[in-house]
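Asks:
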Amino acid sequence: MPNEDTRMLKLAYQQMPYGIIILNQRNEIIFMNQMAEEIRGRSAQIIQGNNVLSCHPQKIKEVVARSLKALREEDPKNSNRMTIDKRNDKYYETNYIPIKNNNGSYLGSMLISKDITEQRKLEEKRLSHLKHFKEEADRLRAELQELFFSSLDSLIKTLEAKDKYTEGHSTRVADISRKIAQYSCDVSPQIDTIELASQFHDIGKVGIPESILNKPGKLNEEEFSYIKEHPILGEDILAPILKPKSIKPKPMKKVIRHHHERYDGRGYPDGLKEDEIPIGARILAIADSYDAMTTDRPYRNALTPRTALKEINSNLGTQFDPELGEVFLMLHDKGVIN
Ligand SMILES: [Fe+2]
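Position in the sequence shown (first residue = 1) + 16 = our numbering.
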């Protein structure tokens, strides 16, 4: 190549808006353009001829050594390497490109560095906006959820006001369920879910006529068919539930749907048995029955705790899960539940 052309080529490299460093086979710097001098903060005159690894601190030296080794040893098509580093508050992306002769033998390499600070800042801005939107969405979701639960709470209070016998029932049942769950479940979201489901387990009764809810005598078949609808109605009422941090909406709805299933499969609405019934619903069934037995009802006076415990004990394995029933009896015995 005529001298004039070589000079021209060198000038073009010199003036490129990218940092360019060319290394020989021994990784010695044989060329460094102005932009590379600016990026590296070194003068080409001083470091030309030095091994490129000696110009880096230990941590970066290892990255550069790995990249150069890959250029030398790997398939040329896949041997380009890209690293990102930060100098003087700016980000640079450096591409390592192998220089090979026509036979494919390695002659050296070219390091091309590009200032990507703007791109990086835009990306950081985008991520920070995204984080902000996500936080805002979470906040609104939590607010909505709270609103939803406080409406349900009012609904439960209305329901309990309609039926003077069940005043405070939901809160007491939720308390008992939580205590059984704490002994029987490993994870706190599951315990929270069971407690909340217990709080709202009879929400579906808002759809049952007051005359049936407060009927003093035995219910006829048609009236009982209304009662049997309340777990399904409860599940439907909770349909719009969102997902707050510690509550799982789907399991919560299932606990409500199945709280009148029996361990032997003779319950309602789906006739599930044993482990087919969600554990929360098996727990709730015990808590609900105990509280119902120990409070006055339109058709009978409250049983004593002793009689209610006996009743639960004699229905283990038929109406109630025997293991969970034992947990309940043990907790009662210890005074944790009263
Ligand atoms: Fe119920």
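Ideal Cβ positions, reconstructed from N, Cα and C, are used throughout, including at glycine. Nothing here was measured: the structure is a model prediction, and the numbers come from that model.
#1: Counting along the chain, where does the alpha helix (DSSP H) carrying Met48 start and finish?
#2: Under 7 Å Cβ to Cβ from Asp304, same chain only, skipping five residues before and after it: list those, please.
#3: Can you tell me which of Glu277, Ala52, Glu239 and Gly223 puts its alpha carbon nearest to the alpha carbon of Gly252?
#4: Quick check: the Cα distance between Ser204 and Ile210, rounded to an integer number of angstroms?
#5: Under 6 Å from any heavy atom of ligand 1, does the C-beta of Asp202 make it?
#6: Comparing the CB of Asp252 with every heavy atom of ligand 1, is any distance shorter than 6 Å?
#7: Skipping 5 residues on each side, what residues in its chain have a beta carbon closer than 8 Å to that of Gly220?
#8: Would you mind sorting Ser227 into buried or exposed? The rule is 16 or more other CB atoms within 10 Å of its CB.
#9: Based on the DSSP secondary-structure assignment, which residues constitute the bridge partners of Lys130?
#10: Closer than 8 Å is the cut-off here; do at least three beta carbon pairs connect the segment 225 to 244 with the segment 334 to 353?
#11: Could you give the first and the last residue of the continuous alpha helix (DSSP H) run that contains Ile62?
#12: Taking DSSP as the reference, what is the three-state secondary structure of Lys102?
#13: Taking just the CA atoms, how far does Ile207 sit from Leu127?
#14: Quick check on Leu87: buried or exposed, where buried means 16 or more other Cβ atoms within 10 Å of its Cβ?
#15: What's the gap between the Cα of Arg23 and the Cα of Tyr34?
#16: Tell me whether Gly233 is buried or exposed, calling it buried when 16 or more other Cβ atoms sit within 10 Å of its Cβ.
#17: Lys26: which of Phe47, His185, Arg42 and Ile115 sits nearest, CA to CA?
Replies: So, from the listed chains and residues:
#1: Unbroken run through Met48 is the beta strand (DSSP E), Ile45 to Met48; no alpha helix (DSSP H).
#2: Val189, His217 and His275
#3: Here residue 252 turns out to be Asp, not Gly, going by the sequence shown. Out of Glu277, Ala52, Glu239 and Gly223, the CA that lies nearest to the CA of Asp252 is found in Gly223.
#4: 10 Å
#5: Not so, every heavy atom of ligand 1 lies at least 6 Å from the Cβ.
#6: no
#7: Glu245, His246, Pro247, Ile248, Leu249, Gly250, Glu251, Asp252, Ile253 and Ile272
#8: The residue in question, Ser227, is exposed, as its Cβ has fewer than 16 Cβ neighbours within 10 Å.
#9: Glu109
#10: no
#11: Ala60 to Ile63
#12: strand
#13: 58 Å
#14: buried
#15: 19 Å
#16: A residue is called buried when at least 16 other Cβ atoms come within 10 angstroms of its Cβ; Gly233 does not meet this threshold and is exposed.
#17: Phe47
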